[in-house]
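Going by the UniProt record's numbering, the residue at position 67 of the sequence shown is 67; the numbering climbs one at a time, nothing skipped. Report on the following structure.
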Amino acid sequence: MQTSPIQPIEIFFDEVSVQCNKNEGGAALPSPNDFFEWMGVQIRVKHNFELIVEEKRTLVLITFQFEIPRSESPQIAYNLKISVYGKFAQLNLPAFKPKTEEESIDLIVVNGSSILYSVAREKVLEITSRMKPGPLTLPSVNFMDARPSLKNKKDPQPKEPEKKSTRKKTASPKKSASATK
């Protein structure tokens, strides 16, 4: 076992809300016990990160919000909303040298997000274990698709010359002449 190069500096909850759902007869709904019981459950996730450059280090602030809102179907035992944020630093360890700055940020975002989700998952389990429908264990997730480098590859900026040529093709000669006056 080694010290991780990614270290949390602080982790805080902004919001923790857990409410029991009941069926039409007023009885509590069951809590999912199996991954397949989560199929079709509406889940909203907001995830973001921001670089904080300090004199001697760069921190990454990660915000994570997970919500299971009220919905018609399928319903599970709880509606919940968790907002958590954390600041993470990368240690300069001899055994760990990322090849690029992009790789370093990817590592912090993926691992920091996993840490935040684990904290939120544990808090939900702790709270729901004392509620009538029983404990709710959120499903495991993978944050590899949250890497900033993937987003940059998926959302390339359109080239300026392509925009200009498209505009020229759609404009009529009369409109172009009046626009220049």
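Glycine included, each C-beta is placed from N, C-alpha and C at the ideal position.
Exposure label - residue i; buried when at least 16 CB within 10 Å
{"i": "ALA89", "result": "buried"}
{"i": "PRO32", "result": "buried"}
{"i": "VAL124", "result": "buried"}
{"i": "THR128", "result": "buried"}
{"i": "residue 184", "result": "Limits of the chain in this structure are 1 at one end and 181 at the other, which puts residue 184 out of reach."}
{"i": "ALA27", "result": "exposed"}
{"i": "ASN48", "result": "exposed"}
{"i": "LEU80", "result": "buried"}
{"i": "LEU91", "result": "exposed"}
{"i": "LEU93", "result": "exposed"}
{"i": "VAL53", "result": "exposed"}
{"i": "SER113", "result": "buried"}
{"i": "LEU150", "result": "exposed"}
{"i": "LEU51", "result": "exposed"}
{"i": "ASN142", "result": "exposed"}
For residue i, three-class secondary structure by DSSP
{"i": "PRO148", "result": "helix"}
{"i": "THR170", "result": "Interpretation of THR170 is limited by its pLDDT of 39, a score under 50 that renders its predicted location unreliable; the figure taken from the coordinates is listed afterwards. Reduced to three states, the DSSP call for THR170 is helix."}
{"i": "ILE62", "result": "strand"}
{"i": "ASP14", "result": "strand"}
{"i": "GLU101", "result": "helix"}
{"i": "ASN111", "result": "helix"}
{"i": "LYS132", "result": "coil"}
{"i": "LYS81", "result": "strand"}
{"i": "ALA120", "result": "helix"}
{"i": "PHE36", "result": "helix"}
{"i": "GLU24", "result": "coil"}
Rounded Cβ spacing between residue i and residue j (contact assumed at less than 8 angstroms)
{"i": "GLY134", "j": "PRO8", "result": "With 8 angstroms as the limit, GLY134 and PRO8 do not qualify as a contact, their Cβ atoms being about 30 angstroms apart."}
{"i": "VAL84", "j": "ASP14", "result": "7 angstroms"}
{"i": "ILE76", "j": "LEU29", "result": "6 angstroms"}
{"i": "ILE108", "j": "ILE6", "result": "6 angstroms"}
{"i": "PHE64", "j": "TYR117", "result": "7 angstroms"}
Residue i Cβ short of 6 angstroms to the ligand NAP heavy atom set
{"i": "VAL53", "result": "This structure lacks the ligand NAP; in fact it carries no ligand of any kind."}
Extent of the continuous beta strand (DSSP E) to which residue i belongs
{"i": "ILE76", "result": "ILE76 -> no beta strand (DSSP E), and no H or E assigned at all."}
{"i": "ILE52", "result": "44 to 53"}
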